[in-house]
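Participant:
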Amino acid sequence: MGQILEKFQGKEWRERQIQKIADKIFDHFKNEQGRANLTFEDLYIAVLLLFNDINKRLPGPHFDPPSKEQVRALMQECDINLDGELDREEFVIFMKHLTKDTFITVSQGLIITLAVAPTVALLTKRTTEGVPGVGKVVQKLPNTVYASLVTLAIVLFQKAAEGKE
Numbered sequence: 001m002g003q004i005l006e007k008f009q010g011k012e013w014r015e016r017q018i019q020k021i022a023d024k025i026f027d028h029f030k031n032e033q034g035r036a037n038l039t040f041e042d043l044y045i046a047v048l049l050l051f052n053d054i055n056k057r058l059p060g061p062h063f064d065p066p067s068k069e070q071v072r073a074l075m076q077e078c079d080i081n082l083d084g085e086l087d088r089e090e091f092v093i094f095m096k097h098l099t100k101d102t103f104i105t106v107s108q109g110l111i112i113t114l115a116v117a118p119t120v121a122l123l124t125k126r127t128t129e130g131v132p133g134v135g136k137v138v139q140k141l142p143n144t145v146y147a148s149l150v151t152l153a154i155v156l157f158q159k160a161a162e163g164k165e
């Protein structure tokens, strides 16, 4: 639960995560290619690797990577020294621009799941009173347990729906 709450700390958490990802990817290409900067080809492969990791690790919908043209345009925008390559600082700026919408979408999904679902569960708990068999069991459950169960059911439902897409 602490990791989830840390994600709601906002911009600072996002900045740290982007910095970690950017450093990891930049170091991978620096060590493999033996160069200090990333060319367009390196950068596009890095973008594909990044979106592969995002789709594997972050909850929410599948995120398609940008096209080569979009990457090239963003690269030119982030290439401050105009040398046609991105150094580490320029690459971090590039990553921030590239992942901004992704983090917003994931954050909104987490907020809905972790804040709205328990609230709705508690509001609807009284409606189960009239359901034979189930109503008495639900009423005996503490509110926290009931809200957790409903939230878990919603998360499982979301996962199942993502798997079908």
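First residue of the sequence shown: 1, per UniProt numbering; consecutive thereafter. Note that beta-carbon positions come from the ideal geometry of N, C-alpha and C, so glycine has one too.
Can you give me the start and stop residues for the alpha helix (DSSP H) that R72 sits inside?
Facilitator: For the purposes of this step, residue 72 is taken as residue 72 along the sequence shown, with counting starting at 1. Unbroken alpha helix (DSSP H) run through R72: K68 to C78.
Participant: Across the stretch 67-86 and the stretch 34-51, are there enough close Cβ pairs to call them in contact, namely three or more that are closer than 8 Å?
Facilitator: Taking 8 Å as the limit for Cβ pairs, the verdict is that the stretch 34-51 does touch the stretch 67-86.
Participant: Would you call the stretch 145-155 and the stretch 117-126 in contact, with 3 or more CB pairs under 8 Å?
Facilitator: Segments in contact, yes.
Participant: In angstroms with no decimal places, state the Cα-to-Cα distance between V134 and D53.
Facilitator: Along the sequence shown, one-based indexing puts residue 134 at 134. Along the sequence shown, one-based indexing puts residue 53 at 53. Approximately 42 Å between the Cα atoms of the pair.
Participant: So G133 is in the alpha helix (DSSP H); what residue range does that whole segment cover?
Facilitator: Along the sequence shown, one-based indexing puts residue 133 at 133. From DSSP, G133 is part of no alpha helix (DSSP H); its letter is neither H nor E.
Participant: Check the C-beta distance from H97 over to L74 and give it rounded, since I have them as a contact under 8 Å.
Facilitator: Along the sequence shown, read from residue 1 onward, the residue named residue 97 stands at position 97. Along the sequence shown, read from residue 1 onward, the residue named residue 74 stands at position 74. Indeed they touch by this definition, with Cβ atoms about 6 Å apart.
Participant: Apply the 10 Å Cβ neighbour rule to T127 and answer buried if 16 or more other Cβ atoms are within range, or exposed otherwise.
Facilitator: By 1-based counting over the sequence shown, the position of residue 127 is 127. It is exposed - the Cβ of T127 has fewer than 16 other Cβ atoms within 10 Å.
Participant: Under three-state DSSP, which class holds L86?
Facilitator: As a position in the sequence shown, residue 86 is number 86, starting the count at 1. Reduced to three states, the DSSP call for L86 is strand.
Participant: Is any heavy atom in the ligand ZN found nearer than 7 Å to the beta carbon of E12?
Facilitator: With respect to the ligand ZN, the structure offers nothing, as it holds no ligand at all.
Participant: Could you please give me the residues that DSSP links to L38 through a beta bridge?
Facilitator: The residue you call residue 38 lines up with position 38 of the sequence shown. According to DSSP, L38 bridges with L86.
Participant: Nearest to F46 by alpha carbon, out of F157, A22 and I93?
Facilitator: Position 46 of the sequence shown holds residue 46. As written in the sequence, residue 46 is Ala, which differs from the Phe given in the question. Of the listed residues, the one whose Cα sits closest to A46 is A22.
Participant: Return the chain-ordered list of same chain residues with a C-beta closer than 8 Å to the C-beta of A36, the five sequence neighbours on each side being excluded.
Facilitator: In the sequence shown, counting from the first residue as 1, residue 36 sits at position 36. Correct list, in chain order: K30 and D87.
Participant: Within this structure, are the beta carbons of L48 and I25 separated by less than 8 Å?
Facilitator: One-based indexing of the sequence shown puts residue 48 at position 48. One-based indexing of the sequence shown puts residue 25 at position 25. Against a cut-off of 8 Å, the Cβ pair of I25 and L48 comes out as no contact.
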